[in-house]
Amino acid sequence: MDGSWWRDGVVYQVYPRSFADANGDGIGDLEGIRGKLPYLAELGVDALWISPIYPSPMADFGYDVSDYRGIDPLFGDIGTLDALIADAHALGLKVILDFVPNHSSDEHPWFRESRRSRDSAYRDWYIWRDPAPDGGPPNNWLSNFGGSAWTFDAATGQYYLHLFLDKQPDLNWRHPPLREAMYESMRFWLRRGVDGFRVDVIYHVMKDAAFRDNPPNPDFRQGIDADAHRFLPVHTADLPETQGVVAAMRDVVDEFPGRVLIGELYLPLDRLVVYYGENLSGAHLPFNFLLIGTPWDARSIGDLIKRYEAALPPGGWPNWVLGNHDKPRIASRVGAAQARVAAMLLLTLRGTPTMYYGDEIGMRDVPIPFDEVRDPFELNEPHKGLGRDPQRTPMRWFPRSGAGFTRSTPWLRIGDDVDTCNVATQADDPRSMLSLYKALLRLRRDTPALHGGDVTVLAASDAVLAYERRSAGDRRIVVLNLTDAPAALPLPEPTGVVLLSTHGDEVRGELRPNEARIYRAS
Ligand code: NOJ
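1 is the number of the first residue of the sequence shown in full-length UniProt numbering; add one for each residue after it.
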């Protein structure tokens, strides 16, 4: 496995609705993505992960799949995807699709058939339960998007389970025919040359067979937290049986050489690493989102790196994520200057980095007025700051109306800093975020110590984090000032040259505000 693309390389997430609109309907599409493959190759990433493009009523923008083996006409057709894969491969890029096994759309033919009658051959493909004695839902399980996880179906007198929207009924992974159909859907795409999957909420697929109530969450903050956090998801997430499903998905992926299985996991560190599986028979990369929730300071991040490295199973390859389509953007979380430090952190840590589209030009969350909100989560639980539209706004390619994303009205507003925050303007500016990302990606690719070496945290002061990357005697030292004040180095200054600074020069000594550097250690 040493040196495989998903270990050495960098993954770039494309949210397809928002990347590039080729057909002018205001929504991004596959032809649009295809046209931007040369950009991604030049940027220097190795793989693109595309959020769901399958046929869908789009209640959750594609995370409600109504056919696991097709392409939604909004995005193109299967021929466009084939062409995109061929072009990507010709450019040396891998293509990772999203796979959504926990739930389908309620408009999937399986669910239509399942809800037709209690005797339907597809009844057990979903999770149906009788009402509680008072006629209410079978237990206290809550939907991640608010309200009960159960919806009553009057026609057959039972409730069906949905851990997300009522339009996203949960599939029954305890039912072998369902499992087989899903594995066969994975093979369908792998045969077409897809290089792997990012598996949506993989930790949710199994639920308690006895349907016991979840216990109350003592830390729940009324009016602040999402409704679902009233209870701890003891019986609806991360059940031991999940490991069998992950291992079986891995077996499917392993039928095809050189493919990758990535799991989406919002779990604490000790549980997250379990998804590497026994003897690494699980996900190649259980997504590590811990940077997203860790306080942005040198000691906390240094401590996280140490704890994560210590928790990895032998041979388990790490990975790091700064943001995605569900989380506020890094530039909004830490500010524009620290976003440059964050870029250096992400691209110099040990393990596969996943970038989120637009972060390479420093895109920030775009405030969306309530009457323009599209995200069902925000609509269900308004004004708690949970909405995900702000981080899903269109990619900016040019400083003009439509940002070069679309020639018509974009599905979400573009935002007002497009004059500076766009690819064309930043491509010509050696001090731009885009130029910094390109330099970092180039350096990472060219430097075995950075893409494959060991990591050791050397020091963390109040302000500065320092770590070393080492491979076969070749060492790089990374120092990051996590504050907006000048800061002394917490270790003797490396004698080797400054290879790259967020400030674009080779100044030595004390770090300037928001500066990070990579040294060659001699
Ligand atoms: C996680 C996805 O990333 C998110 O966007 C989606 O809403 C839920 N899973 C449900 O599929």
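Backbone N, C-alpha and C fix where the C-beta goes; we use that ideal spot for every residue, glycine too.
Beta carbon of residue i nearer than 7 Å to that of residue j
| i | j | result |
| --- | --- | --- |
| Ser104 | Glu113 | no |
| Asp195 | Lys94 | yes |
| Pro16 | Ile50 | yes |
| Ala47 | Gly32 | no |
| Ser229 | Asn217 | Inspection of the sequence shows that residue 229 is occupied by His rather than by Ser. Their beta carbons are under 7 Å apart, which means His229 touches Asn217 by this criterion. |
| Gly504 | Tyr519 | no |
| Arg271 | Asp238 | yes |
| Gly44 | Lys438 | yes |
| Pro494 | Ala521 | yes |
| Ala298 | Val464 | yes |
| Ala488 | Met344 | no |
| residue 527 | Gly315 | In the structure as shown, the chain begins at 1 and stops at 522. Residue 527 is therefore absent and cannot be evaluated. |
| Asp87 | Leu37 | yes |
| Glu264 | Asp200 | yes |
| Pro137 | Trp150 | yes |
| Pro394 | Phe405 | yes |
| Asn319 | Gly351 | yes |
| Cys421 | Met363 | yes |
| Arg212 | Ile262 | no |
| Leu163 | Asp153 | no |
| Trp411 | Gly62 | no |
| Leu81 | Ile71 | yes |
| Ser148 | Arg69 | no |
| Asn214 | Gln13 | no |
| Val205 | Val245 | yes |
| Gly453 | Arg470 | yes |
| Leu312 | Val273 | yes |
| Leu178 | Trp125 | yes |
| Ile361 | Leu434 | yes |
| Leu440 | Leu347 | yes |
| Asp98 | Lys167 | no |
| Leu165 | Phe256 | no |
Whole-angstrom C-beta distance between residue j and residue i, which should lie under 8 Å
| i | j | result |
| --- | --- | --- |
| Phe398 | Ala424 | 5 Å |
| Val100 | Pro52 | 6 Å |
| Asn481 | Gly146 | Contact flag wrong, Cβ pair sits at about 40 Å. |
| Tyr275 | Asn288 | About 10 Å; that fails the 8 Å criterion. |
| Pro390 | Val366 | 5 Å |
| Arg340 | Thr502 | 4 Å |
The ligand NOJ heavy atom lying under 6 Å from the CB of residue i
| i | result |
| --- | --- |
| Tyr276 | no |
| Val65 | no |
| Val14 | no |
| Phe111 | no |
| Phe164 | yes |
| Val45 | no |
| Asp326 | yes |
| Asp60 | yes |
| Val199 | no |
Residue i, enclosing alpha helix (DSSP H) - first and last residue
| i | result |
| --- | --- |
| Ala487 | Element bounds for Ala487: n/a, residue is neither H nor E. |
| Val479 | Unbroken run through Val479 is the beta strand (DSSP E), 474-481; no alpha helix (DSSP H). |
| Pro448 | 448-451 |
| Leu379 | 376-380 |
| Ser332 | 330-334 |
| Ala310 | 298-311 |
| Leu272 | 269-272 |
| Gln13 | Here Gln13 belongs to no alpha helix (DSSP H); instead the beta strand (DSSP E) covers 11-14. |
| Val423 | 423-427 |
Span of the beta strand (DSSP E) around residue i
| i | result |
| --- | --- |
| Trp5 | Per DSSP, Trp5 belongs to no beta strand (DSSP E); it is in the alpha helix (DSSP H), 5-8. |
| Asp454 | 454-460 |
| Leu291 | No beta strand (DSSP E) contains Leu291, which is instead part of the alpha helix (DSSP H) from 290-293. |
| Phe510 | Per the sequence presented here, residue 510 reads as Glu, with Phe not at that position. Element bounds for Glu510: n/a, residue is neither H nor E. |
| Asn144 | First-last for Asn144: undefined, no H or E at that position. |
| Gly196 | 196-199 |
| Leu500 | 498-501 |
| Val321 | 319-321 |
| Ala466 | 464-471 |
| Thr352 | 352-356 |
Residue i CB to nearest heavy atom of the ligand MG below 6 Å
| i | result |
| --- | --- |
| Tyr308 | As for the ligand MG, it is missing from this structure, which binds only the ligand NOJ. |
Inset, instruction - Would you list, in sequence order, the uninterrupted beta strand (DSSP E) runs of no fewer than 3 residues that lie entirely inside the segment 152-193? - result: If one requires a minimum length of 3 residues, the beta strand (DSSP E) runs lying completely within the segment 152-193 are 158-161, in chain order.
Legend entry - Any alpha helix (DSSP H) of 4 or more consecutive residues that is wholly inside the segment 27-109: The DSSP assignment places 30-35, 37-43, 78-90 as complete runs of the alpha helix (DSSP H) inside the segment 27-109, in order along the chain (cut-off: 4 residues).
Inset, instruction - Please list the segments of the alpha helix (DSSP H) lying wholly inside the segment 216-264, counting only runs of 4 or more residues, in order along the chain. - result: 242-254
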